[in-house]
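So the protein sequences, as listed, match chains A and B. In terms of this note's numbering, the first sequence opens at residue 1345 and continues consecutively. In terms of this note's numbering, the second sequence opens at residue 3 and continues consecutively. Built from N, CA and C at the ideal position, the CB exists for glycine as well. Keep in mind the model is a prediction, meaning the values are calculated, not measured. Presented below is the structure to which this report refers.
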Amino acid sequence: MATYPEDCLYTREHEWIRVEDDVGVIGITDYAQEALGDIVYVELPSVGDHFSQGEPFGNVESVKAVSELYMPVSGEIVAINEDLAESPQLVNEDPYGDGWMVKIALSDPTELETLMSASEYEEYVKEEREK
Amino acid sequence: MVATQPKRSPLHETHEALGARFTEFAGWLMPLQYTGAIEEHLAVRTAAGLFDVSHMGRLEVRGRDALALIQRVTCNDAARLRDHQVQYSALTTERGTFVDDLTIYRFREDHFLLCVNAANREKDARWIREHRAGEEAEVYDLSDELAQLALQGPAASEILQSLTEVQLDHIRSYWFEQGEVAGVPCVISRTGYTGEDGFELYVPVDSVEWVWNRVLDAGQAAGLKPCGLAARNTLRLEARMLLYGHDMDETTTVWEADLGWIVKLEKGDFIGRDALRRQKEEGLRRKLVGFQVHDRAPAREGYPVLIQGRVVGQVTSGSYAPFLRKNIGLTYLPIEYTSIGTRFQIRVREREVEAEVVPTPFYKRPRS
Chain A
1345 MATYPEDCLY TREHEWIRVE DDVGVIGITD YAQEALGDIV YVELPSVGDH FSQGEPFGNV
1405 ESVKAVSELY MPVSGEIVAI NEDLAESPQL VNEDPYGDGW MVKIALSDPT ELETLMSASE
1465 YEEYVKEERE K
Chain B
3 MVATQPKRSP LHETHEALGA RFTEFAGWLM PLQYTGAIEE HLAVRTAAGL FDVSHMGRLE
63 VRGRDALALI QRVTCNDAAR LRDHQVQYSA LTTERGTFVD DLTIYRFRED HFLLCVNAAN
123 REKDARWIRE HRAGEEAEVY DLSDELAQLA LQGPAASEIL QSLTEVQLDH IRSYWFEQGE
183 VAGVPCVISR TGYTGEDGFE LYVPVDSVEW VWNRVLDAGQ AAGLKPCGLA ARNTLRLEAR
243 MLLYGHDMDE TTTVWEADLG WIVKLEKGDF IGRDALRRQK EEGLRRKLVG FQVHDRAPAR
303 EGYPVLIQGR VVGQVTSGSY APFLRKNIGL TYLPIEYTSI GTRFQIRVRE REVEAEVVPT
363 PFYKRPRS
């Protein structure tokens, strides 16, 4: 069964963000990694790149398919997970931990209010599964 | 096109119970994967995998002139087949292009089984019937009566031997026998689509669930895993086995697909012979090659292929190769760029990545 950590906020495109002091760590959810299957490549932006909320910022590829990654919030990339180049399977193994993708300095923290809480996201996933 | 429900394998509920995730392929709802595409791929390379390939089409050609009819519609020389031998071949158009690729099983001179691609089953049956020129032979579609399993991998023979009296070490590659597996009469064929040793079983549909479960049980200790179409695709690509509708179709000739070894111009007349002879004399303008990508990004089907900044084609099959742990694929290139070591580029989204023509098959199983 998929897990939904309480300290994250979630997008409808199945990214999560965990915010501390206006820096957000971003990745994809357990549900997303399970749906994608074995991940073989993660394409990430560069440190210093700017993104608006909802903008594509990279791609995650499984054996079978490519999926775009969407920014939960606006801001500037301050770090990317370099380990994913060598070990993309970390996204499968530990989606909320070692499988994180980018860190972003938030330019508008009020955007966080538009995201889903863990319980809201869990409900949303339930509806997605029933489709 | 009228939207129709995809067809389901006779093993559909069995796959559901095993936790399979399904995908639609050629009008069929088939298992994409059970536990994971990479794990399943590696199981076939190191132990064994069991695939439900019941979506494949199974046509029977029977009658006094069955061999003559097959000779007319295919480009390989079916007259070289002995009873219980299997041959890879193609149904060719007048232009020497592919109606389909297929395996031909000879039971007797007047009785053959053709294993064809799922998407082409009706087309092939019609094509063969329509191209009879007085031959006394009938084409029957047995696809709904027979299911088809593939047991593939270095442990396949040992696993299957525990369920049959048939001496499997007497069945050579591309030969078959008829015999019981777990008490069910089957065609046991030493063929496959993975690059490994293994067998394909043609099983009556009412008994296929029984046989599937017996094989899975028998293979448990050896590490046998049920495998889906995701692993089937990456396995066949590593072994450079082509996929109809992707790597070749009615627009590509057998020479261009680099399958010249199945063209036997000297066998007598067949559909497409003149065109294939002409192309052989005139020379090819393009040819299918295998490539490796010098980048971590997989180059997938449909991605543009460039030489000196100009788009010359697209990737026909491309994937991360789980056993080789690199990104590989197939594409048609202008003939002057097809030699081993030639560099070219593939556009992966907004980037151009380096690729190189490499020898194929990408993977060759170690001789035991």
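If you draw a straight line from the alpha carbon of residue i to that of residue j, how long is it in whole angstroms?
i, j, result
"I1448 (chain A)", "F1395 (chain A)", "9 Å"
"E283 (chain B)", "H86 (chain B)", "35 Å"
"G194 (chain B)", "W177 (chain B)", "11 Å"
"L281 (chain B)", "W257 (chain B)", "The amino acid at residue 281 (chain B) is misidentified as Leu; the sequence shows Gln. Distance between the alpha carbons of Q281 (chain B) and W257 (chain B): 8 Å."
"A139 (chain B)", "D276 (chain B)", "25 Å"
"G59 (chain B)", "I1372 (chain A)", "40 Å"
"L244 (chain B)", "M250 (chain B)", "7 Å"
"E268 (chain B)", "V141 (chain B)", "26 Å"
"V1404 (chain A)", "A120 (chain B)", "31 Å"
"N1436 (chain A)", "Q1377 (chain A)", "6 Å"
"A22 (chain B)", "E42 (chain B)", "12 Å"
"V1387 (chain A)", "V314 (chain B)", "Sequence check: residue 1387 (chain A) is Glu here, not Val. Looking at the two C-alpha atoms, the distance is approximately 26 Å."
"T25 (chain B)", "P1439 (chain A)", "24 Å"
"P12 (chain B)", "V1469 (chain A)", "31 Å"
"P33 (chain B)", "R234 (chain B)", "11 Å"
"P306 (chain B)", "H296 (chain B)", "16 Å"
"Q316 (chain B)", "T99 (chain B)", "19 Å"
"D208 (chain B)", "T16 (chain B)", "13 Å"
Taking its Cβ as the centre, do 16 or more other Cβ atoms sit within 10 Å of residue i, making it buried, or is it exposed?
i, result
"K1475 (chain A)", "exposed"
"Q222 (chain B)", "exposed"
"I1424 (chain A)", "buried"
"G51 (chain B)", "buried"
"E1359 (chain A)", "buried"
"W263 (chain B)", "exposed"
"P361 (chain B)", "exposed"
"Q310 (chain B)", "exposed"
"I40 (chain B)", "buried"
"T6 (chain B)", "exposed"
"L162 (chain B)", "buried"
"I337 (chain B)", "exposed"
"R288 (chain B)", "buried"
Using a beta-carbon distance below 7 Å, is residue i in contact with chain A?
i, result
"A232 (chain B)", "yes"
"I330 (chain B)", "no"
"I348 (chain B)", "no"
"P300 (chain B)", "yes"
"G29 (chain B)", "no"
"I322 (chain B)", "A small correction: the amino acid at residue 322 (chain B) is Tyr; Ile does not occupy that position in the sequence shown. Cβ-Cβ to chain A under 7 Å: yes for Y322 (chain B)."
"G197 (chain B)", "no"
"G38 (chain B)", "yes"
Does residue i come within less than 7 Å of chain B when only Cβ atoms are used?
i, result
"G1443 (chain A)", "no"
"Y1385 (chain A)", "yes"
"G1392 (chain A)", "no"
"V1407 (chain A)", "yes"
"G1402 (chain A)", "no"
"D1382 (chain A)", "yes"
List the endpoints of the continuous alpha helix (DSSP H) containing residue i.
i, result
"A19 (chain B)", "H14 to A19"
"N235 (chain B)", "L231 to E240"
"L158 (chain B)", "In the sequence under discussion, the amino acid at residue 158 (chain B) is Ala, which differs from the Leu named in the question. A158 (chain B) -> alpha helix (DSSP H) spans A158 to Q163."
"N1436 (chain A)", "L1434 to E1437"
"Y1465 (chain A)", "A1462 to E1474"
"Y204 (chain B)", "From DSSP, Y204 (chain B) is part of no alpha helix (DSSP H) but of the beta strand (DSSP E) over G200 to P206."
Just reading off the beta strand (DSSP E) that residue i is part of, what are its end residues?
i, result
"P329 (chain B)", "In the sequence on display, residue 329 (chain B) carries Asn and not Pro. Per DSSP, N329 (chain B) belongs to the beta strand (DSSP E) from K328 to P336."
"H113 (chain B)", "H113 to V118"
"D54 (chain B)", "A50 to D54"
"W30 (chain B)", "W30 to Q35"
"D1393 (chain A)", "That residue, D1393 (chain A), is in no beta strand (DSSP E); it is neither H nor E in DSSP."
"E1359 (chain A)", "E1359 to E1364"
"P1403 (chain A)", "Before going further, note that residue 1403 (chain A) is Asn rather than Pro in the sequence given. P1400 to S1406 is the extent of the beta strand (DSSP E) around N1403 (chain A)."
Could you pull out every residue in the same chain whose Cβ sits closer than 7 Å to the Cβ of residue i, ignoring the five residues on either side in sequence?
i, result
"G343 (chain B)", "E358 and V359"
"E96 (chain B)", "I273, G274 and A277"
"M1460 (chain A)", "L1353, Y1354 and Y1468"
Hey, would you say the C-beta of residue i is under 6 Å away from at least one heavy atom of the ligand HEM?
i, result
"K328 (chain B)", "Ligands are entirely absent from the displayed structure, and the ligand HEM is therefore not among its contents."
Sorted by chain position, which residues of the same chain lie with C-beta nearer than 8 Å to residue i's C-beta, five sequence neighbours on each side aside?
i, result
"D1427 (chain A)", "L1434 and D1442"
"G181 (chain B)", "T166, E167, V168, P187, C188 and I190"
"V1407 (chain A)", "G1381, D1382 and V1384"
"L326 (chain B)", "E240, F364 and Y365"
"L1450 (chain A)", "V1363, D1366, V1367, G1368, V1417, S1418, G1419 and L1456"
Between which residues of its own chain and residue i is the CB-CB distance below 6 Å, once the five residues before and five after are set aside?
i, result
"A184 (chain B)", "L165, V213 and R216"
"T196 (chain B)", "V46, Q154 and L237"
"V1369 (chain A)", "R1362, W1444 and K1447"
"L335 (chain B)", "V291"
"S175 (chain B)", "R192"
"A127 (chain B)", "L61, V141 and D143"
"A68 (chain B)", "D112, F114 and A139"
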